[in-house]
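Q: Could you have a look at this structure, given as structure tokens, before my questions?
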Amino acid sequence: RPEATGLAVLRTLGLAQLGGPKGGVLEEVVTLARLRHPYLVEIFEVFQDGGVLCVMTEYADEGHVAARVARARAEARERIEERLALQWFAQALLALRYVHESGVLH
């Protein structure tokens, strides 16, 4: 959280890159921005600047999940410890349950 760490990330996406109808994209991201859960990256602000969608999110110092898994595998030089894999899996399921309970379909 910027309040806690002073760090945030501004992600941008050219709406022309999306292809197909773009009318609901901003509304969908605004809906996701309402979600608050410890295992979801928080979205602080969403806005459109011309043809660019801008999304300010919480800074995740560990990076995205795939990068974290790759790093853990490299550090272990073989497999990720079962305990750690189960912990990450449980966290992902808790976040997914919250998203579903919030009425968001993916």
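Residue 115, in our numbering, is where the sequence shown stops; the numbers in between run on with no holes. Even for Gly, the Cβ is constructed at its ideal location relative to N, Cα and C.
When the Cα of residue 111 is compared with those of 42, 98, 79, 97, which residue comes out closest?
A: Your numbering for residue 111 matches position 102 in the sequence shown. Comparing Cα positions, the closest option is 42.
Q: Going by beta carbon distance, what residues of the same chain come within less than 6 Å of residue 33, once the five residues before and after it are set aside?
A: Taking the sequence shown and counting its residues from 1, the one referred to as residue 33 is at position 24. Taken in chain order, the list of residues that qualify is empty.
Q: Who are the near neighbours of residue 66 in its chain, counting only those whose CB is closer than 7 Å to its CB and skipping five residues on each side?
A: Here residue 66 refers to the residue found at position 57 of the sequence shown. If we look at residue 66 and ignore the five residues flanking it on each side, its Cβ neighbours are 17, 18, 20, 50, 51, 52, 53.
Q: With DSSP as the reference, identify every bridge partner of residue 57, one or two as the case may be.
A: Taking the sequence shown and counting its residues from 1, one reaches residue 57 at position 48. Paired residue(s): 62.
Q: From the DSSP secondary-structure annotation, give me the bridge partner or partners of residue 21.
A: The residue labelled residue 21 in the question sits at position 12 within the sequence shown. DSSP lists 63 as partners of residue 21.
Q: Excluding the 5 residues flanking residue 100 on each side, which residues of the same chain have their C-beta closer than 8 Å to its C-beta?
A: The count along the sequence shown starts at 1 and reaches residue 100 at position 91. Hits under 8 Å: 48.
Q: Which residue's Cα is closest to the Cα of residue 38: 109, 81, 63, 75?
A: Taking the first residue of the sequence shown as 1, we reach residue 38 at position 29. Checking every option, the nearest Cα to that of residue 38 belongs to 63.
Q: To the nearest angstrom, report how far apart residue 23 and residue 60 are at their CA atoms.
A: By 1-based counting over the sequence shown, the position of residue 23 is 14. By 1-based counting over the sequence shown, the position of residue 60 is 51. Rounded to whole angstroms, residue 23 to residue 60 spans 6 Å at the Cα level.
Q: Inspect the beta-carbon positions of residue 57 and residue 35 and report whether they are closer than 8 Å.
A: Residue 57 sits at position 48 when you count from the first residue of the sequence shown. Residue 35 sits at position 26 when you count from the first residue of the sequence shown. Contact flag set, yes.
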